[in-house]
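In what follows, a structure is listed as structure tokens, so that the remarks can point back to it.
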Amino acid sequence: MVHPPVESLWAAWFADPSRVTRNALVEHYTPFVRRVVASVLRRSGAETARREDHHRVLVEDLESAALEELFGLVDRFEPGPATFESFAYPRLLGAVKDELRRGSRYTRGETGAYMAVQEAHGRLAQRLGRQPSVDELAAATGLSVRAVEAALPEFDRGEIGDSHAVAGDPAAHLEMVEMRAMVDTAMRALSERHQMVLGALWVMDLTQTDLAEFLGCSVALISEERNAAVAALRRELRRVAVSGRHLVAA
Numbered sequence: 144m145v146h147p148p149v150e151s152l153w154a155a156w157f158a159d160p161s162r163v164t165r166n167a168l169v170e171h172y173t174p175f176v177r178r179v180v181a182s183v184l185r186r187s188g189a190e191t192a193r194r195e196d197h198h199r200v201l202v203e204d205l206e207s208a209a210l211e212e213l214f215g216l217v218d219r220f221e222p223g224p225a226t227f228e229s230f231a232y233p234r235l236l237g238a239v240k241d242e243l244r245r246g247s248r249y250t251r252g253e254t255g256a257y258m259a260v261q262e263a264h265g266r267l268a269q270r271l272g273r274q275p276s277v278d279e280l281a282a283a284t285g286l287s288v289r290a291v292e293a294a295l296p297e298f299d300r301g302e303i304g305d306s307h308a309v310a311g312d313p314a315a316h317l318e319m320v321e322m323r324a325m326v327d328t329a330m331r332a333l334s335e336r337h338q339m340v341l342g343a344l345w346v347m348d349l350t351q352t353d354l355a356e357f358l359g360c361s362v363a364l365i366s367e368e369r370n371a372a373v374a375a376l377r378r379e380l381r382r383v384a385v386s387g388r389h390l391v392a393a
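Listed below in structure tokens is the structure:
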């Protein structure tokens with residue numbers, strides 16, 4: 144069925160909202176919904192990690208959740224400077240991610256623990272020059288040994304990697320990818336000095352005393368600069384989260 148241009152559909156909808164017009168608008172934006180779903184699947188790793196039959200069901204579930212959200216978005220959209228796509232995108236993204244989490248074997252809390260263990264693993268492996276033990280991961284994250292093991296129930300004790308996120312839990316992998324992209328985007332917006340201070344303390348795992356000795360300054364100055372860098376990073380993270388710039392980077 145051929146529909147009028149979308150501008151005419153919106154004009155008809157705002158003048159007299161009807162089921163026929165709503166359905167026509169939903170049909171028009173269905174390809175947009177499918178692109179959102181495909182984007183989430185690509186970033187989550189689920190696009191290649193699932194068996195073909197499982198992947199088909201997953202796509203159908205995600206598109207169904209997004210289309211259900213789309214009906215409500217058409218009802219709630221109001222004319223203004225923003226396009227419908229810019230209004231709908233973050234809300235569709237949220238609906239798709241929620242549906243992905245519902246099919247995940249991790250809860251939101253478990254996903255947080257999973258990501259903490261992954262980040263600690265990367266940091267410790269770089270500093271130690273080897274794979275960290277479960278006890279070391281527990282100490283680094285503040286989690287119990289049981290919680291570390293529960294966060295990654297299928298991992299080989301000597302090899303913890305992103306493959307577990309792809310093969311085991313696309314929702315966790317998506318959150319990890321987007322969080323890393325958000326932090327990377329925010330970090331790049333900081334001054335070189337702030338990047339250096341946070342990199343030395345967080346990535347190289349230097350103490351403030353070590354960094355002060357290296358730079359030839361006082362520990363008090365390093366502490367002051369660390370606090371300023373953290374405050375700047377928090378501001379940038381809020382800006383990035385609102386703007387969605389990290390989603391492009393991811």
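Per our numbering, the sequence shown starts with residue 144, numbered consecutively.
We treat Cβ as the ideally placed atom computed from N, Cα and C, and that holds for glycine.
Query                                                                                                                            : Result
As assigned by DSSP and simplified to three states, the class of threonine 226                                                   : coil
From Cys360, Asp218, Ala181, Val340, residue whose alpha carbon lies closest to that of aspartate 204                            : Ala181
Selected residue, minimal CA-CA separation from aspartate 218, among Cys360, Pro148, Asp159                                      : Asp159
Alpha helix (DSSP H) segment containing threonine 350, residue limits                                                            : Segment: none, threonine 350 is in no alpha helix (DSSP H) and carries neither H nor E.
Nearest residue (CA-CA) to tyrosine 172, options Val183, Val202, Phe214                                                          : Phe214
Pairwise C-alpha distance: aspartate 327 and phenylalanine 220                                                                   : 33 Å
Beta-carbon proximity of valine 340 to arginine 378, cut-off 9 Å                                                                 : no
Expected contact under 8 Å - CB spacing of leucine 168 and leucine 152 to nearest Å                                              : 5 Å
Separation of histidine 264 from arginine 251, as counted between CA atoms                                                       : For arginine 251, the predicted structure reports a pLDDT of 49, less than 50, and the residue's modelled location is therefore unreliable. The matter cannot be settled from this model.
8 Å contact criterion, which tyrosine 232 and valine 179 should meet: CB distance rounded                                        : 7 Å
Beta-carbon contacts of valine 288 that lie in its chain and below 8 Å, excluding the five residues immediately before and after : Val277, Asp278, Ala281
Selection from Ala332, Glu356, Ser161 that minimises the alpha carbon distance to leucine 380                                    : Ala332
Through-space distance from glutamate 211 to glycine 272, alpha-carbon basis                                                     : 49 Å
Reference glutamate 321, options Ser207, Lys240, Ala154, Leu216, closest by Cα                                                   : Lys240
CB contact flag (alanine 375, serine 334, <9 Å)                                                                                  : yes
Alpha-carbon spacing of arginine 382 relative to glutamate 242, whole angstroms                                                  : 26 Å
Close beta carbons around alanine 238, own chain, < 7 Å, minus the five adjacent residues each side                              : Ala208, Ala209, Glu212
Buried or exposed (CB count within 10 angstroms, at least 16 for buried), alanine 329                                            : buried
Cβ shell of arginine 234 (< 7 Å), same chain only, five flanking positions each side left out                                    : Glu212, Leu216
Rounded C-alpha distance that separates alanine 155 from tryptophan 345                                                          : 56 Å
Residue from Leu286, Pro224, Gln269, Leu201 whose Cα sits closest to the Cα of arginine 93                                       : The structure shown does not extend to residue 93, since the chain is modelled only from 144 to 393, so the question has no answer here.
Residue from Ser366, His337, Gln338 with nearest C-alpha to threonine 350                                                        : Ser366
Environment of alanine 363 [buried if 16+ CB atoms lie within 10 Å]                                                              : exposed
Beta-carbon proximity list for arginine 177, same chain, < 7 Å, skipping 5 on both sides                                         : Glu206
Helix, strand or coil at arginine 300 [DSSP, three-state]                                                                        : Low confidence applies here, because arginine 300 scores a pLDDT of 39, under 50, leaving its location unreliable; read the following figure in that light. Coil at arginine 300, not helix or strand.
Through-space distance from glycine 342 to alanine 268, alpha-carbon basis                                                       : 16 Å
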